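Under my numbering, the first residue of the sequence shown is numbered 35, with each subsequent residue one higher.
Just so you know, even glycine gets a beta-carbon here, dropped at the ideal spot from N, CA and C.
Given the structure is predicted, the values throughout are model-derived calculations rather than measurements.
Shown next, in structure tokens, is the structure this report addresses.
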Amino acid sequence: MTDMKKPEIPKTLSILGERFTVRQQSGLQGNEGDGAVDGYQLGHRIFIDADNSTSRKWRTLLHESMHGALHVTGTQSELGEEMEEIVVQTLETHVVQFMRLHGLAFLDAIKGDS
Ligand SMILES: [Zn+2]
């Protein structure tokens with residue numbers, strides 16, 4: 035599948051009921067990795083490296099949305115920066131593997147749930 039046929043990165047994201055804006059920006063590599071998330075004070079913004087492939091952008095969006103969820107719940111301040119990154123990387127890897135194996139079945143099974 036070419037990049038042209040892959041779904042676009044959304045411009046906004048709802049994370050646990052909070053609205054985040056998603057910005058694609060060049061030159062994040064080496065600075066913030068592939069993405070970054072700002073917390074409450076800076077206005078709920080997620081940055082995604084604009085130069086990456088669409089699949090990499092989606093993985094970054096998932097990763098940064100997990101940081102966002104930890105910000106929204108206040109869990110991030112309990113973890114500390116280093117542990118937060120370990121938790122997010124672990125969950126990102128797990129969720130991607132889970133979705134690869136069971137994603138369609140999972141979505142079908144929970145269809146109609148609130
Ligand atoms: Zn991270």
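Practice item. Report yes if the CB atom of ILE80 is closer than 8 Å to the CB atom of VAL71, and no otherwise. Key: yes
Review point. Which of the three DSSP states, helix, strand or coil, is assigned to SER111?
Key: helix
Check your understanding: Under three-state DSSP, which class holds ALA150?
Key -> The structure shown has nothing for residue 150, since the chain only spans 35 to 148.
Check your understanding: Say the cut is 7 Å; is the CB of GLU116 nearer than that to a heavy atom of ligand 1?
Key -> no
Review point. Using a threshold of 7 Å, is the CB atom of HIS128 nearer than that to any non-hydrogen atom of ligand 1?
Key: no
Check your understanding: Mind checking if VAL129 is an interface residue toward chain E, Cβ cutoff 8 Å exclusive?
Key -> In the structure shown, chain E does not exist; there is a single protein chain.
Practice item. Might you give, ordered along the chain, the residues of its own chain that have their beta carbon closer than 7 Å to the beta carbon of GLY61, omitting 5 neighbours on each side? Key: none
**Study point:** Residue from LEU95, GLU118 and LEU113 whose Cα sits closest to the Cα of SER48
**Key:** LEU95
Practice item. Note down the Cα distance separating SER148 from LEU50, rounded to an integer number of angstroms. Key: 14 Å
**Study point:** Residue from THR88, ARG57 and GLN110 whose Cα sits closest to the Cα of GLU42
**Key:** THR88
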